[in-house]
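J.:
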Amino acid sequence: MNIALINNGIVDNIIVATLEFAEQLGYEQVVDVTDISCSIGWLYDGSTFSEPPAPEPIKITILTPYEFLKRFTSEERKAIKAATLTNPDVDDLWTMFTVAQDIDLKNQDTINGVNALESLGILAEGRAVEILA
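To convert a position in the sequence shown, counted from 1, into the working numbering, add 196.
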């Protein structure tokens, strides 16, 4: 028999054994799952097995300069590059973005810089939020 070994409503392991043997292992519950679909890590509510909820995706907030610049469209990058020729603040900002070892989307300087590009009209309204998301 395939036996699910369960603690705290979670399948810790599935073994091939008899129920009698599995009951001696010290688990809160042991269930014969020979004809039931379940896997290690699944949830058990006392009568039904179910897949655990999908984990929350990990939000990556630290990017390489290349990854960060790819968040801008080609047209936006060209507009920013053009603005660097006439606006020293944009030039300084863009230089900082391009020479950085990494760019943290949660860093206040990054947020302020991207918002400034939107405020200057270089980025369309709403783009700063999208780029920093």
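Quick reminder that beta carbons are idealized off the backbone N, C-alpha and C, glycines included.
It should be emphasised that the depicted structure is a prediction, and the values quoted were computed from it without experimental measurement.
#1: Identify which residue in 209, 322, 240, 264 has its Cα closest to the Cα of residue 302.
#2: Residue 232 by DSSP, collapsed to three states: which one?
#3: Using a threshold of 8 angstroms, state whether the C-beta atoms of residue 236 and residue 300 are closer than that.
#4: To the nearest angstrom, how far is the alpha carbon of residue 286 from that of residue 277?
#5: If you follow the alpha helix (DSSP H) that residue 265 is part of, which residue opens it and which one closes it?
#6: Considering only their Cβ atoms, is the gap separating residue 271 from residue 319 smaller than 8 angstroms?
#7: Specify whether the segment 223-237 and the segment 197-205 touch according to this definition: at least 3 beta carbon pairs, one from each stretch, less than 8 angstroms apart.
#8: Going straight from the alpha carbon of residue 219 to that of residue 252, what length do you get?
#9: Helix, strand or coil: which one does DSSP assign to residue 312?
#10: Along the beta strand (DSSP E) that carries residue 200, what are the first and last residues, could you check?
T.: So, from the listed chains and residues:
#1: 264
#2: coil
#3: no
#4: 9 angstroms
#5: 261-265
#6: no
#7: They touch, by the three-pair rule.
#8: 34 angstroms
#9: helix
#10: 198-203
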